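Data first, discussion second: the structure below is written as structure tokens.
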Amino acid sequence: MPDKTIYDFDLPMPSGEAISLNNYRGKPLLIVNTASHCKFTPQYEEIQDLWELYRHWGLTIIAIPSGDFGEQEFKSNEEINHFCSKRYNISFILAPKSHVKGKNAIPLFQWLSEQGGFFGRPRWNFYKYVLNRQGKLYKTFSSITRPSSTRFVDAIERICYDF
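The sequence shown begins at 1404 in this note's numbering and counts up one residue at a time.
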């Protein structure tokens, strides 16, 4: 899969359809695996803040809920959507609950893990993947890296302002 880019993948939706990531060609992307019952869940607020600040520069944010780490996610997509809407008022893309690690990981996360090498595999919830406008992985950030940290914001600005 080394010749692929993020644009070669689709995300399944609860309706049975899929979101083609090719729709975001030429846009900077942030992909985060999330969970509603995790000590890192408050990062949703900072991710929403990033979305509000950088969406005008084309930034697209996609959260992919997963129960792969300690089963810290609701069982249904409806519960996840309700929680994220009511608690954090998120307005970026919230994909359906998916597997993000191991042999059951969705193809997108298999590719992200491969592209990032040893540090590209998510080790917990709120692992962050920053992709440039060419659809290539630019940087990964662990769960403990806050979306408001200087290091993280610098990476977001780099992909947003790099035409």
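The C-beta atom is built at its ideal place from N, Cα and C for all residues, glycine as well. Only a predicted model underlies this, so the values are computations on that prediction, with no experimental measurement involved.
Legend entry - Secondary structure, alpha helix (DSSP H): runs of 4+ residues fully inside the region 1477–1514: If you keep only unbroken alpha helix (DSSP H) runs of at least 4 residues inside the region 1477–1514, you get 1480–1491.
Legend entry - Beta-carbon contacts of residue 1531 that lie in its chain and below 6 Å, excluding the five residues immediately before and after: The residues are 1435, 1544.
Inset, instruction - Verify whether the separation of the beta carbon atoms of residue 1432 and residue 1467 is less than 9 Å. - result: Judged by beta-carbon spacing, residue 1467 lies beyond the 9 Å limit of residue 1432, meaning their Cβ atoms are not closer than that value.
Legend entry - Rounded C-alpha distance that separates residue 1438 from residue 1498: Cα to Cα, residue 1438 sits roughly 12 Å from residue 1498.
Inset, instruction - Determine contact between the region 1454–1461 and the region 1473–1490, defined as no fewer than three beta-carbon pairs at a distance below 8 Å. - result: Segments in contact, no.
Legend entry - Cβ contact check for the region 1539–1557 and the region 1447–1456: 3 or more pairs under 8 Å: By the C-beta criterion, the region 1539–1557 is judged to be in contact with the region 1447–1456, since at least 3 inter-stretch pairs fall below 8 Å.
Inset, instruction - Going by CA-CA distance only, name the one from 1512, 1534, 1500 that's closest to residue 1418. - result: If you compare the alpha carbons of 1512, 1534, 1500 with that of residue 1418, the shortest gap goes to 1500.
Legend entry - Contacting residues, own chain, Cβ-Cβ under 7 Å from residue 1416 (five flanking each side not counted): Excluding five sequence positions before and after residue 1416, the CB atoms of its chain that fall closer than 7 Å to its own CB belong to 1422, 1499, given in chain order.
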